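Per numbering that gives the first Met the number 0: the sequence shown = residues 0 to 146.
Glycine is no exception: its CB is placed at the ideal position from the N, C-alpha and C atoms.
These numbers come from a predicted model, not from an experiment.
Have a look at the structure below, then the notes.
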Amino acid sequence: MFAFKNVRRIRAKPHQQRHEVRTMTKKDFQLLRCLFVQDVIFILFSIPLRLSSAYQSATADKTRTPLQKATDDFFNNFSTVLHHIPYCASFYIFILVSKAFRHELNRMIFKIVGIDIPSIQHEEKRLNNAGRENVELNIAVVTRIEC
Numbered sequence: 000m001f002a003f004k005n006v007r008r009i010r011a012k013p014h015q016q017r018h019e020v021r022t023m024t025k026k027d028f029q030l031l032r033c034l035f036v037q038d039v040i041f042i043l044f045s046i047p048l049r050l051s052s053a054y055q056s057a058t059a060d061k062t063r064t065p066l067q068k069a070t071d072d073f074f075n076n077f078s079t080v081l082h083h084i085p086y087c088a089s090f091y092i093f094i095l096v097s098k099a100f101r102h103e104l105n106r107m108i109f110k111i112v113g114i115d116i117p118s119i120q121h122e123e124k125r126l127n128n129a130g131r132e133n134v135e136l137n138i139a140v141v142t143r144i145e146c
């Protein structure tokens, strides 16, 4: 029922509104970089568990000594622990990779403490306006070469 109403609303939009061009901001690029790092870490940390499962399947019919069994169990348990790391590493990835995330985290911590710091958007606007308002930087140098 709701899906049908949503489809009707999408069709009701004029054609020129559906094809708007969106530019990517710095935050969008930082988010993409964080997601890419998360994907790489997930792939790297899930490989040992896949190798352990493949090894156990390949050697399931062979008899093992107690030392081999202990070694296989250790590798399986260790690879299981490694497999769970990416699920709890997102916070640390975002702090290490994204400047915007670090700034927002600082803002939240300072807000809890009672200190108010400006957001990134306000900082960027202030820096852009500082260059425009600085009269010394806005002077054009004209030189004449006479022969």
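| Quick one: what does DSSP say Thr-64 is sitting in, helix, strand or coil? | Start at 1 with the first residue of the sequence shown, and residue 64 comes out as number 65. Residue state, collapsed to three classes: coil.
| said: Measuring CB atoms only, is the stretch 44-51 touching the stretch 80-95, in the sense that at least three cross pairs come out at less than 8 angstroms? | reply: yes
| task | For Cys-87, count neighbouring C-beta atoms within 10 Å of its own C-beta (all shown protein chains included) and say buried if the count is 16 or more, exposed if not. | result | Position 88 of the sequence shown, counted from the start, is the residue given in the question as residue 87. Result: exposed.
| query | Roughly how many angstroms separate the alpha carbons of Lys-26 and Ile-114, rounded to a whole number? | reply | The residue given as residue 26 occupies position 27 in the sequence shown. The residue given as residue 114 occupies position 115 in the sequence shown. Each residue's alpha carbon lies about 24 angstroms from the other.
| said: Please state whether the Cβ-Cβ distance between Ile-94 and Arg-106 is less than 8 angstroms. | reply: The residue given as residue 94 occupies position 95 in the sequence shown. The residue given as residue 106 occupies position 107 in the sequence shown. No, they are not a contact pair.
| field | For Ile-144 and Asp-38, the rounded distance between their alpha carbons | value | By 1-based counting over the sequence shown, the position of residue 38 is 39. By 1-based counting over the sequence shown, the position of residue 144 is 145. Distance between the alpha carbons of Asp-38 and Ile-144: 59 angstroms.
| said: I need the DSSP call for Asp-115, collapsed to helix, strand or coil. | reply: Your numbering for residue 115 matches position 116 in the sequence shown. Asp-115: coil per DSSP, three-state reduction.
| task | Inspect the beta-carbon positions of Gln-55 and Asn-75 and report whether they are closer than 8 angstroms. | result | Walking along the sequence shown from the start, residue 55 turns up at place 56. Walking along the sequence shown from the start, residue 75 turns up at place 76. In this structure, Asn-75 lies closer than 8 angstroms to Gln-55 by Cβ.
| message | If contacts are defined as beta-carbon pairs under 8 angstroms, then Val-36 and Val-96 qualify, I think. What distance do you get, rounded to the angstrom? | response | The residue labelled residue 36 in the question sits at position 37 within the sequence shown. The residue labelled residue 96 in the question sits at position 97 within the sequence shown. Their Cβ separation, rounded to whole angstroms, is 5 angstroms, which keeps Val-36 and Val-96 in contact under 8 angstroms.
| Once you ignore the five residues that flank Ala-98 on each side, which residues in its own chain have a CB closer than 7 angstroms to its CB? | Counting from 1 along the sequence shown, the entry for residue 98 is found at position 99. It is Lys, not Ala, that sits at residue 98 in the sequence shown. Here the set comprises Gln-29.
| Based on Cα-Cα distance, which residue from Leu-50, Thr-70, Tyr-91, Ala-57 lies nearest to Ile-40? | Along the sequence shown, one-based indexing puts residue 40 at 41. Taking only the C-alpha atoms, the option nearest Ile-40 is Tyr-91.
| query | Would you report the Cα separation of Thr-62 and Thr-70, rounded to the nearest angstrom? | reply | In the sequence shown, counting from the first residue as 1, residue 62 sits at position 63. In the sequence shown, counting from the first residue as 1, residue 70 sits at position 71. Between Thr-62 and Thr-70, the C-alpha separation is close to 14 angstroms.
| request: Output the boundary residues of the alpha helix (DSSP H) element that contains Arg-32. | output: Taking the sequence shown and counting its residues from 1, the one referred to as residue 32 is at position 33. First-last of the alpha helix (DSSP H) with Arg-32: 25-57.
| said: Tell me which residue opens and which closes the alpha helix (DSSP H) that Ile-94 is part of. | reply: For the purposes of this step, residue 94 is taken as residue 95 along the sequence shown, with counting starting at 1. Run containing Ile-94: 89-96, per the alpha helix (DSSP H) assignment.
| Excluding the five sequence neighbours on either side, which residues of its own chain have a C-beta within less than 6 angstroms of the C-beta of Ser-78, listed in chain order? | Numbered from 1 along the sequence shown, position 79 holds the residue referred to as residue 78. Hits under 6 angstroms: Pro-47, Leu-48, Ser-51.
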